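Residue numbers (numbering that gives the first Met the number 0), protein chains in the order written: chain E, 0 to 439; chain G, 0 to 145.
Beta carbons: idealized from backbone N, C-alpha and C, even for Gly.
Only a predicted model underlies this, so the values are computations on that prediction, with no experimental measurement involved.
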Amino acid sequence: MSTFVVENRIWDKAETLPRHELVALQSAKLKETVERVQNVPFYKKAFSEAGITPEKINSLDDLQRLPFTTKADLREQYPLNMLAVDRSEVARYHGSSGTTGKPTMVAYTQNDLKVWANLCARFLTGGGLLPEHSVQIAFGYGLFTGGFGLHYGAERVGASVIPAAAGNTPKQIMLMMDMQVDALVCTPSYALTLSEFIIQNDIPRSALNLKYAHFGGEPWTEGMRTRIEDELGILCFNNYGLSEVIGPGVSGECAVRDGMHISEDAFIVECINPDTLEPVEPGEEGELVFTSLCKEAMPIIRYRTRDIAALKPEPCTCGRTTIRMDRVTGRSDDMLIIKGVNLYPSQVEQALLRVEGTAPHYLIEIDRPDRTDVATIKVEMTDKSFSSSMKELQELKEKIDHAVKGTTGLHMNIELVSPNSLERFIGKAQRVIDKRKLND
Amino acid sequence: MKLKQLSVFLENKPGRLRELCAVLAEREINILTLSLADTEQFGILRLIVKEYDKAKAVLIEKGFVAKLTDVLAVNVNDQPGGLSEILKIEEDSGISVEYMYAFTIKNGENSILLFRFDDMDKAVDALEKANVNILNSIEFYQRAEG
Chain E
0 MSTFVVENRI
10 WDKAETLPRH
20 ELVALQSAKL
30 KETVERVQNV
40 PFYKKAFSEA
50 GITPEKINSL
60 DDLQRLPFTT
70 KADLREQYPL
80 NMLAVDRSEV
90 ARYHGSSGTT
100 GKPTMVAYTQ
110 NDLKVWANLC
120 ARFLTGGGLL
130 PEHSVQIAFG
140 YGLFTGGFGL
150 HYGAERVGAS
160 VIPAAAGNTP
170 KQIMLMMDMQ
180 VDALVCTPSY
190 ALTLSEFIIQ
200 NDIPRSALNL
210 KYAHFGGEPW
220 TEGMRTRIED
230 ELGILCFNNY
240 GLSEVIGPGV
250 SGECAVRDGM
260 HISEDAFIVE
270 CINPDTLEPV
280 EPGEEGELVF
290 TSLCKEAMPI
300 IRYRTRDIAA
310 LKPEPCTCGR
320 TTIRMDRVTG
330 RSDDMLIIKG
340 VNLYPSQVEQ
350 ALLRVEGTAP
360 HYLIEIDRPD
370 RTDVATIKVE
380 MTDKSFSSSM
390 KELQELKEKI
400 DHAVKGTTGL
410 HMNIELVSPN
420 SLERFIGKAQ
430 RVIDKRKLND
Chain G
0 MKLKQLSVFL
10 ENKPGRLREL
20 CAVLAEREIN
30 ILTLSLADTE
40 QFGILRLIVK
50 EYDKAKAVLI
60 EKGFVAKLTD
70 VLAVNVNDQP
80 GGLSEILKIE
90 EDSGISVEYM
100 YAFTIKNGEN
110 SILLFRFDDM
120 DKAVDALEKA
130 NVNILNSIEF
140 YQRAEG
């Protein structure tokens, strides 16, 4: 358990605006955003198809008349057809994390980067970061928004940043000890890896000065929080974001740690039933939908995140007036996050199709036996792929492994199973067994 | 010259091998010899049965993956160096053994080993040139059934 206490601190006044002022601000910014996206052919077309002109959008009540934007839409507009500004005004590009297929590119103007850093500074402050603290960022620096987003957010707070980037666990621990780092930023699963290294190498807790950590980039559970807090003796804070909306900084926990405050001056959040697309009852779980209010380079209207979570409209005891969201508990599509990499089961199917003789029947099993995700693909043996030679069967497994790695970027265990041993489905196939949730 | 071996895929699951044996028993198919190659997760059962076509058909009917593969039944001198001699012949011809197993009936000075080589035709040539006795299927089944 951590003996460290995070005091309740609020970064800026946008977090505590009275609701009526916030609503007025959102309405005005929504109108601006709707006008801005008229520069984007995709939105111009979508608006005209829905029979909406910018003049018709005057208040937040009009939001529901606007069309949704989906991941598929963004993919179709690859790379930069969603830009609302001239390319010369773009200061930085990022891309969606995950697979080796084409990423979804996102863009930021200088002003977007400033806004973004401020949003990250907010949740970092809410979760204990002070200007005199040092923070080690063990997120990937690259197209992934995590590394750079948190980096500039922490700098904005005035903290000392150690851009350790992802991987190289021994070096991470060395830096953490030698630099007497106060705060850690990474994915929760990487925190487990770090913790394991510390335990295995008998590094005494007193060698570390670590007080708290900010986790994001993948869904996690309260069980994981308790475990990491117990093992590392720190406080863990959850934050949420996605590159399509801005990156990290969409929401984050405060000292109360009861839901993540959504920066409502920058985003409008909705929570919908993914089937009917109607809003769910307040406090009920649904798919989160975000509309950006401040973004210049790539404003986004009603982006369907596919993330399932509940909103908490009641005010938090910390004094912020912003709405909170609970942990993301699932997806409304079949996307999986394995070792931080986004995966759709259909990618496995595509890989199997490329290996001659394999059946279209497969099952993905994901487990977290200890700390790391382990994914196994069960593939049915066929007359065509079977051989009496062990060498050839091993080669078949390697071929499948190679094809899967090629399409998903992930190494998975391949298991050859008897024909017809995998369940057959009428209608929607259940191709995934995710055992990870059961462990927490 | 070549002998038909029935190869069956077996997932490592309790009861799977017994199930297979039961299928063959029910059709009164006798297993003359067998070998099991296994990994942690699956195995390959290699069977020598006289009625291999029938055996293959019933196994497939029961949901197994089964395949016929050629192997060579070689008469090997049953004394120290007997196997080494055979392997030397193949090695000298640049042929590798993919797998092999023994057939347990002894016939005078000889025992029978079953081989799968990476190049079966070349292997036959090399063995014949060296005057090694390869049993054809008629000889083999005669021997097997005494």
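Judged by DSSP in its simplified three-state form, residue 161 of chain E adopts strand. No Cβ of chain E is located within less than 8 Å of the beta carbon of residue 121 of chain G. Using a Cβ-Cβ cut-off of 9 Å, residue 382 of chain E is close to 59, 64, 65 and 66 of chain G, given in chain order. Listed in chain order, the non-local C-beta contacts of residue 327 of chain E below 6 Å within the same chain comprise 218, 306 and 308, local neighbours out to five positions each way being set aside. Assigned with DSSP and collapsed to three states, residue 338 of chain E falls in coil, not helix or strand. Taking C-beta separations shorter than 8 Å and ignoring five residues to either side along the sequence, the partners of residue 288 of chain E in its chain run 67, 268, 269, 270, 271, 301, 302, 303 and 304, following chain order. Within chain E, no C-beta atom comes less than 8 Å from the C-beta of residue 129 of chain G; the nearest is roughly 25 Å away. By the criterion of a C-beta distance shorter than 8 Å, residue 99 of chain G is surrounded in its chain by 112, 113, 114 and 115, once the five residues flanking it on both sides are discounted. Around the Cβ of residue 49 of chain E, a 10 Å sphere holds fewer than 16 other Cβ atoms; the residue is exposed.
Residue 169 of chain E and residue 67 of chain G have their C-alpha atoms some 53 Å from each other.
For residue 47 of chain G, the nearest beta carbon of chain E is not closer than 8 Å to its own beta carbon.
Cβ atoms of residue 116 of chain E and residue 133 of chain E stay farther apart than 8 Å, at about 18 Å. Residue environment for residue 369 of chain E: exposed (fewer than 16 other C-beta atoms within 10 angstroms of its C-beta). Interface criterion met: the Cβ of residue 40 of chain G is under 8 Å from a Cβ in chain E. In the three-state scheme derived from DSSP, where H, G and I count as helix and E and B as strand, residue 358 of chain E is classed as coil. Using a Cβ-Cβ cut-off of 7 Å, residue 419 of chain E is close to 62 of chain G, given in chain order.
Taking 3 residues as the shortest admissible run, the region 353 to 399 of chain E contains the following complete beta strand (DSSP E) segments, listed from N- to C-terminal end: 361 to 366 and 373 to 379. Under the 8 Å criterion on CB atoms, residue 133 of chain E is classed as non-interfacial with respect to chain G.
In the three-state reduction of the DSSP assignment, residue 344 of chain E falls in the helix class, which pools H, G and I. Under the DSSP definition of a beta bridge, residue 308 of chain E partners with E:285.
With a minimum length of 3 residues, the unbroken runs of beta strand (DSSP E) contained wholly in the region 70 to 141 of chain E fall at 89 to 94, 104 to 108 and 133 to 136. Non-local C-beta neighbours of residue 263 of chain E in its own chain, meaning closer than 7 Å and more than five positions away in sequence, comprise 21, 25, 321 and 322, ordered along the chain.
The straight-line gap separating the alpha-carbon atoms of residue 45 of chain G and residue 26 of chain G is approximately 18 Å. Taking a contact to require three or more Cβ pairs closer than 8 Å, the region 228 to 236 of chain E and the region 7 to 14 of chain G do not qualify as touching.
Of the residues assessed, residue 173 of chain E falls on the exposed side of the cut-off, its CB having fewer than 16 other CB atoms within 10 angstroms.
Straight-line measurement puts the Cα of residue 354 of chain E at about 12 Å from the Cα of residue 406 of chain E.
Nearest neighbour of residue 336 of chain E by Cα position, chosen from E:46, E:59 and E:95, turns out to be E:95. The beta carbon of residue 126 of chain G is closer than 8 Å to those of 71, 73, 85, 88, 89 and 133 in its chain, skipping five residues each way along the sequence. Near chain G, meaning a CB-to-CB distance below 9 Å, no residue of the region 353 to 371 of chain E qualifies.
One thing to note: residue 7 of chain E has its Cβ within 8 Å of the Cβ of residue 254 of chain E. In the DSSP assignment, residue 330 of chain E is bridged to E:306. By the criterion of at least three beta-carbon pairs nearer than 8 Å, the region 27 to 38 of chain G is not in contact with the region 373 to 381 of chain E.
Taken in chain order, the whole alpha helix (DSSP H) runs of length 4 or more contained in the region 73 to 98 of chain G are 81 to 91. Against chain E, the CB of residue 115 of chain G has a partner CB under 8 Å away; the residue lies at that interface.
For residue 20 of chain G, the uninterrupted alpha helix (DSSP H) segment begins and ends at 15 to 25. By the Cβ neighbour-count rule, residue 318 of chain E is exposed, with fewer than 16 other Cβ atoms within 10 Å of its own.
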